[in-house]
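What follows is a set of notes on a single structure, which appears directly below.
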Amino acid sequence: MKQRLALIGLAFLWLLPGGHPQQTAEDACSLHILVPGLKGAVGDKGQKGGVGRHGKVGPIGSKGEKGDSGDMGPPGPNGEPGGMADSPREGKLARGPDFTQLADMACESVGGKILFATDDFFAPAENLIKTDRPGFGAHEHAESGTRLDGWQTRRRRTPGHDWCIIKLGIQGIIRGFDVDISYLMGDYAPRISIQAANLEEDKQPEIPQRGVRTEAAATPEEFEAVAKLKSDDWNHLVPMTELQPGKPASSHNYFPVDSQQRWSHVRLNIFPDGGIARLRVYGTGQKDWAATDPKEPFDLVAIAHGGACVGFSNAHFGHPNNMIGVGKPRSMADGWETARRLDRPPVLENDENGILLVPGCEWAVFRLAHPGVITQIEIDTTHFKGNSPDSCKLDGCILTTQEEEDMIKQKWKLPGHKWKPLLPVTKLSANNGHLFDSLTLELQDVITHARLTISPDGGVGRLRLKGFPSSICLLRPREKPMMRFSVKAGFRANL
Numbered sequence: 026m027k028q029r030l031a032l033i034g035l036a037f038l039w040l041l042p043g044g045h046p047q048q049t050a051e052d053a054c055s056l057h058i059l060v061p062g063l064k065g066a067v068g069d070k071g072q073k074g075g076v077g078r079h080g081k082v083g084p085i086g087s088k089g090e091k092g093d094s095g096d097m098g099p100p101g102p103n104g105e106p107g108g109m110a111d112s113p114r115e116g117k118l119a120r121g122p123d124f125t126q127l128a129d130m131a132c133e134s135v136g137g138k139i140l141f142a143t144d145d146f147f148a149p150a151e152n153l154i155k156t157d158r159p160g161f162g163a164h165e166h167a168e169s170g171t172r173l174d175g176w177q178t179r180r181r182r183t184p185g186h187d188w189c190i191i192k193l194g195i196q197g198i199i200r201g202f203d204v205d206i207s208y209l210m211g212d213y214a215p216r217i218s219i220q221a222a223n224l225e226e227d228k229q230p231e232i233p234q235r236g237v238r239t240e241a242a243a244t245p246e247e248f249e250a251v252a253k254l255k256s257d258d259w260n261h262l263v264p265m266t267e268l269q270p271g272k273p274a275s276s277h278n279y280f281p282v283d284s285q286q287r288w289s290h291v292r293l294n295i296f297p298d299g300g301i302a303r304l305r306v307y308g309t310g311q312k313d314w315a316a317t318d319p320k321e322p323f324d325l326v327a328i329a330h331g332g333a334c335v336g337f338s339n340a341h342f343g344h345p346n347n348m349i350g351v352g353k354p355r356s357m358a359d360g361w362e363t364a365r366r367l368d369r370p371p372v373l374e375n376d377e378n379g380i381l382l383v384p385g386c387e388w389a390v391f392r393l394a395h396p397g398v399i400t401q402i403e404i405d406t407t408h409f410k411g412n413s414p415d416s417c418k419l420d421g422c423i424l425t426t427q428e429e430e431d432m433i434k435q436k437w438k439l440p441g442h443k444w445k446p447l448l449p450v451t452k453l454s455a456n457n458g459h460l461f462d463s464l465t466l467e468l469q470d471v472i473t474h475a476r477l478t479i480s481p482d483g484g485v486g487r488l489r490l491k492g493f494p495s496s497i498c499l500l501r502p503r504e505k506p507m508m509r510f511s512v513k514a515g516f517r518a519n520l
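Okay, so the sequence shown: first residue is 26 according to the numbering used here, each after it adds one.
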């Protein structure tokens with residue numbers, strides 16, 4: 026290549042036009058012939074340039090055609106039975122074990138109390154009996170780790186296992202347990218067992234008050250005091266059983282109980298350690314009727330004494346059993362509340378007595394704790410400020426155990442003449458307590474069941490039916506007979 030360029034340069038000199046002065050050697054030497062030199066070394070890489078402008082975004086493509094439906098898959102496994110909605114605001118009740126519609130006898134809202142726990146390192150045993158369902162967002166962080174919404178012990182490195190003792194707020198017959206391990210995946214107790222005892226109030230040893238417990242274990246003094254209960258010898262209602270985890274946010278283990286005995290305390294054993302979110306002890310109260318004052322009216326429908334809801338038309342926001350609960354209503358969630366009826370007229374009108382003219386109503390039927398004569402009716406709409414019923418009425422009847430079972434199957438389509446009026450259609454006011462005299466003062470009817478009807482819909486916090494136990498006793502053959510009473514003078518049973 027270099028030689029070719031040199032020859033081109035000489036040819037250029039030879040082709041110069043004639044007649045011009047002969048160039049001297051010096052002039053010839055002054056002519057600069059550009060001959061490329063040797064290739065130099067590669068230079069340093071230059072700095073990176075800036076990002077160029079983006080190109081224009083193209084138009085959105087058209088939607089593709091819908092694909093063909095796939096073949097139907099095989100049927101999935103049967104799911105576990107559901108329970109009653111944990112929160113009354115979750116809507117309609119899910120189908121589950123029948124006993125979950127009974128009262129939670131251990132709940133703090135009815136007076137349940139933790140007497141003793143071997144360990145409360147990560148979370149105290151008091152969480153077991155909270156009214157509300159367990160939650161994940163309620164976790165707190167401490168030096169010991171994450172405090173969960175349940176009872177959680179430390180990982181044992183010593184012989185033995187953990188356990189706690191609960192004094193029931195409602196003492197009576199236990200129908201079933203719900204051992205809830207929601208949100209405890211990786212930390213729940215592998216196995217549990219449950220024992221129970223019926224202890225006389227005046228013979229119970231004094232156990233030190235627990236106070237606020239975190240990052241602590243039971244003291245020697247507490248172990249010495251609780252040993253007097255001899256809880257190791259209590260009856261086993263649930264033998265040692267492995268817990269089965271379900272969904273992280275809803276993991277229930279149900280255990281039905283077939284026992285007609287009265288219980289006052291339960292002992293929850295976990296093997297060897299771990300956590301339990303909630304322990305629900307479902308059952309019915311059992312009153313010592315011999316200890317009641319025959320001259321004073323007594324609440325015959327209270328759930329603590331053995332009353333129970335045995336049928337209802339709607340329980341969208343709260344179960345009717347809440348109405349016969351312990352104490353005063355704490356909120357709307359602690360009462361019975363139905364959905365709004367859709368058959369109401371577009372424009373509402375009253376009759377001459379101020380009662381709404383509507384076609385429909387809602388109802389709930391209760392079995393009394395003991396057959397008796399109702400003399401006083403209390404209906405409390407406290408907390409229901411914008412959703413109380415317009416009016417209500419109360420009726421009663423007397424049914425045998427078999428008749429009750431038949432009515433449950435028939436959804437309480439009981440002939441009208443069977444019901445005896447206890448309270449006529451009566452106007453109610455919002456957020457207020459109402460006290461009425463029963464028509465039984467005149468009719469003197471003994472009843473076993475009562476039906477509260479509200480119109481058109483809404484909520485009631487408490488229902489109290491005060492009266493006197495009667496001598497009528499309609500029990501299942503296998504149940505222990507209750508004390509019989511003489512009907513109060515002036516009352517008679519219309520059978």
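Cβ atoms here follow ideal geometry from the backbone N, Cα and C, with glycine treated the same way.
| Item | Value |
| --- | --- |
| Measuring CA to CA, which of 210, 435, 458 and 350 is closest to residue 409? | 458 |
| Please classify residue 274 as buried or exposed, where buried requires at least 16 neighbouring CB atoms within 10 angstroms. | exposed |
| Quick one: residues in its chain with C-beta nearer than 7 Å to the C-beta of residue 141, no 5 flanking neighbours on either side, listed in chain order? | 189, 190, 232, 243, 247 and 251 |
| Assuming residue 401 and residue 492 are in contact, meaning their beta carbons sit under 8 Å apart, how far apart are those beta carbons, in whole angstroms? | 7 Å |
| Compute the distance between the beta-carbons of residue 343 and residue 329, then report whether it is under 7 Å. | no |
| Quick one: give me the first and last residue of the alpha helix (DSSP H) that residue 428 is part of. | 426-434 |
| Is it true that the region 365-377 meets the region 439-456, where meeting means three or more beta-carbon pairs spaced less than 8 Å apart? | no |
| Going by Cα to Cα distance, which pick from 286, 483, 463 and 195 is closest to residue 475? | 463 |
| Do residue 485 and residue 360 have their CB atoms nearer than 7 Å? | yes |
| Within 10 angstroms of the Cβ of residue 348, are there 16 or more other Cβ atoms? Answer buried if so, exposed if not. | buried |
| Could you say which of 382, 391 and 267 lies nearest to residue 214 if we only look at CA atoms? | 267 |
| Pull up the distance between the alpha-carbon of residue 106 and that of residue 155, whole angstroms please. | Here residue 106 scores only 34 on pLDDT, less than 50, and its place in the model should not be relied on; the value that follows carries that caveat. Distance between the alpha carbons of residue 106 and residue 155: 23 Å. |
| Using a Cβ-Cβ cutoff of less than 8 Å, which residues in the same chain neighbour residue 456 once the five nearest sequence positions on both sides are dropped? | 406, 407, 408, 409, 410 and 413 |
| Quick check: the Cα distance between residue 305 and residue 423, rounded to an integer number of angstroms? | 32 Å |
| The beta strand (DSSP E) spanning residue 461 covers which residue range? | 458-462 |
| Leaving out five residues on either side along the sequence, give the residues of the same chain with a beta carbon under 8 Å from the beta carbon of residue 300. | 147, 148, 173, 175, 176, 177, 178, 206, 209, 212, 213 and 214 |
| In its own chain, which residues sit with a C-beta less than 7 Å from the C-beta of residue 223, not counting the 5 before and 5 after it? | 286, 287, 288 and 289 |
| So residue 282 is in the beta strand (DSSP E); what residue range does that whole segment cover? | No beta strand (DSSP E) contains residue 282, which DSSP labels as neither H nor E. |
| Around the Cβ of residue 337, are there at least 16 other Cβ atoms within 10 angstroms (buried) or fewer (exposed)? | buried |
| Give the straight-line distance between the Cα atoms of residue 150 and residue 370, rounded to the nearest whole angstrom. | 51 Å |
| Start and end of the beta strand (DSSP E) containing residue 241? | Where residue 241 is concerned, there is no enclosing beta strand (DSSP E), given that its DSSP letter is neither H nor E. |
| Among 249, 394, 281 and 480, which residue has its Cα nearest to the Cα of residue 263? | 281 |
| Any idea what DSSP makes of residue 345, helix, strand or coil? | helix |
| What residue from 303, 355, 221 and 249 has the CA that sits closest to residue 153's CA? | 303 |
| Using the beta-carbon count (16 or more within 10 Å), is residue 345 buried or exposed? | buried |
| Using CA coordinates, which residue listed in 453, 351 and 439 is at the minimum distance from residue 381? | 453 |
| What is the rounded straight-line gap between the Cα of residue 383 and the Cα of residue 238? | 54 Å |
| Report, in whole angstroms, the separation of the C-beta atoms of residue 221 and residue 291, which I expect to be a contact under 8 Å. | 5 Å |
| Leaving aside the five residues before and after residue 194 along the sequence, list all residues of the same chain whose C-beta is less than 6 Å from its C-beta, in chain order. | 135, 136 and 137 |
| Given a cut-off of 7 Å, decide if residue 308 and residue 197 are closer than it, judged by their beta-carbon atoms. | yes |
| Note down the Cα distance separating residue 396 from residue 331, rounded to an integer number of angstroms. | 11 Å |
| Beta-carbon within less than 6 Å of residue 276's beta-carbon, same chain only, minus the 5 sequence neighbours each way: which residues are those? | 206, 207 and 270 |
| Run through the region 367-455 for me and flag every whole alpha helix (DSSP H) of 4 or more residues, listed as ranges in chain order. | 426-434 |
| Which residue spans inside the region 186-272 form an unbroken beta strand (DSSP E) run of at least 3? | 187-205, 216-222 and 260-267 |
| To which residues of the same chain is residue 339 closer than 8 Å at the C-beta, ignoring the five residues directly before and after it? | 363, 364, 387 and 482 |
| Starting from residue 173, trace the beta strand (DSSP E) in both directions and tell me its first and last residue. | Note, residue 173: premise wrong, no beta strand (DSSP E); not H, not E. |
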